[in-house]
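Position one of the sequence shown corresponds to residue 1 (UniProt numbering), numbered consecutively onward. No residue lacks a Cβ here, since even glycine has one placed at the ideal position from N, Cα and C. Remember, it's a predicted structure, so these values are computed and weren't measured experimentally. Shown next, in structure tokens, is the structure this report addresses.
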Amino acid sequence: MALPLFIPPCIRTPRGQYHLPPPDKPLRVQIEGPLVAIKKLLPHISWCLSLQNRTFPQPAGPELARLTYRAVYGQDVSSEVSGDLVVRDESLGWMPQRRPEEELIDYDGVTFDHLVPAEDTDPEVMQINIIEIEDDKGVYANKWLAFEVDPSEYIGKKVLAVPRCCQKRKGTQDRWRVNALVDQRMHGREHLEEQKAWEARHKLHPEFEGVNDFLKPSAA
Numbered sequence: 001m002a003l004p005l006f007i008p009p010c011i012r013t014p015r016g017q018y019h020l021p022p023p024d025k026p027l028r029v030q031i032e033g034p035l036v037a038i039k040k041l042l043p044h045i046s047w048c049l050s051l052q053n054r055t056f057p058q059p060a061g062p063e064l065a066r067l068t069y070r071a072v073y074g075q076d077v078s079s080e081v082s083g084d085l086v087v088r089d090e091s092l093g094w095m096p097q098r099r100p101e102e103e104l105i106d107y108d109g110v111t112f113d114h115l116v117p118a119e120d121t122d123p124e125v126m127q128i129n130i131i132e133i134e135d136d137k138g139v140y141a142n143k144w145l146a147f148e149v150d151p152s153e154y155i156g157k158k159v160l161a162v163p164r165c166c167q168k169r170k171g172t173q174d175r176w177r178v179n180a181l182v183d184q185r186m187h188g189r190e191h192l193e194e195q196k197a198w199e200a201r202h203k204l205h206p207e208f209e210g211v212n213d214f215l216k217p218s219a220a
């Protein structure tokens, strides 16, 4: 049985601007987390777990994007709205500290655009992390989240997903990292563009004249 994806209310005052965002605002959303947690959301989806064959997108990628869209915006994706949800990237990783004996994908993430114009290569970003509770009975969650987690509220009931504003990590590299990864996939680049080079290049765009966009709270 599939468990629901749960994004709790923002604990910040004032509320984080992307927790939860207005539906008419263009936004790039990345959600990622341990595969063991994602499989609880999508138990009937097949996976290609070989690190040598990173199929894009994984069958679960668009499905995870749709689940996230529904949790963020409180409604389903509309086929009548151009650009309502466009999958842009997928992060597939191996966490050797968890399973050193197996070189298999055990961490997954998907990035999708909501109403982002095709020519916008540096949109604002919402970062969401899926938190696995059952594996360690909430130890990781209570170490890295800005609120207390009671494992009994989640184990076997729902999967926790938390936007960056309610985590202890500040996420100052989120915008660069997510957008540079999308750029890398779109253009088939071998290496990820470094943050300083990315920021310098995008500050030259006319829409950034006179505005240090990367110092705004949304970049954290």
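CB-CB under 7 Å to residue i, same chain, minus the five flanking residues each way: which ones, in chain order?
| i | result |
| --- | --- |
| Val86 | Phe112 and Asp113 |
| Ser46 | Pro59 |
| Gly74 | none |
| Gly83 | Asp113, Leu115 and Val116 |
| Pro22 | none |
Just the Cα atoms here: how many angstroms apart are residue i and residue j?
| i | j | result |
| --- | --- | --- |
| Leu115 | Val72 | 14 Å |
| Arg175 | Lys203 | 13 Å |
| Asp24 | Leu3 | 28 Å |
| Pro57 | Glu90 | 7 Å |
| Gly188 | Ala197 | 18 Å |
| Met186 | Ala118 | 12 Å |
| Gly16 | Trp144 | 17 Å |
| Ile38 | Gln195 | 29 Å |
| Glu80 | Pro62 | 17 Å |
| Tyr18 | Tyr69 | 13 Å |
| Lys40 | Leu20 | 23 Å |
| Pro206 | Gly156 | Caution applies to Pro206, whose pLDDT of 45 falls short of 50 and renders its modelled position unreliable; the model cannot decide the point. |
| Pro43 | Ile130 | 16 Å |
| Pro14 | Phe147 | 16 Å |
| Gln173 | Pro26 | 19 Å |
| Ala141 | Asp120 | 34 Å |
Below 8 Å CB to CB, which residues in the same chain sit around residue i once its five sequence neighbours on both sides are set aside?
| i | result |
| --- | --- |
| Arg28 | Arg88, Thr111, Phe112, Asp113, His114, Val116, Pro123, Glu124, Val125, Met126, Val178, Asn179 and Val182 |
| Thr55 | Cys48 |
| Arg66 | Asp76, Val77 and Leu85 |
| Tyr107 | Glu32, Gly33, Pro34, Leu35, Ser91, Leu92, Gly93, Trp94 and Met95 |
Note down, in chain order, each residue of its chain lying with its Cβ closer than 6 Å to the Cβ of residue i, except the 5 sequence neighbours on either side.
| i | result |
| --- | --- |
| Leu64 | Val110 |
| Glu193 | Ala180 |
| Ala200 | none |
| Ala219 | Because the pLDDT at Ala219 is just 38, under 50, the model does not fix this residue reliably, and the point stays unresolved. |
| Leu215 | Residue confidence is low: Leu215 scores 32 on pLDDT, short of 50, so the model does not pin down where it sits. No coordinate-derived value is stated. |
| Met1 | none |
| Gln184 | Leu192 |
Is residue j closer than 8 Å to residue i when the C-beta atoms are compared?
| i | j | result |
| --- | --- | --- |
| Leu5 | Val159 | yes |
| Glu190 | Gly33 | no |
| Val77 | Ile128 | no |
Handout entry: Cβ pair count under 8 Å reaching 3, the region 158-177 against the region 10-23
Key = yes
Problem - Validate contact between the region 128-140 and the region 149-156 using beta carbons, cut 8 Å, 3 pairs - result: yes
Practice task
Only counting runs of 4 or more residues, tell me where the alpha helix (DSSP H) segments fall wholly within the region 108-158, in order along the chain.
Solution key: As summarised for the region 108-158, the continuous alpha helix (DSSP H) elements at least 4 residues long and confined to that stretch are 139-144, given in chain order.
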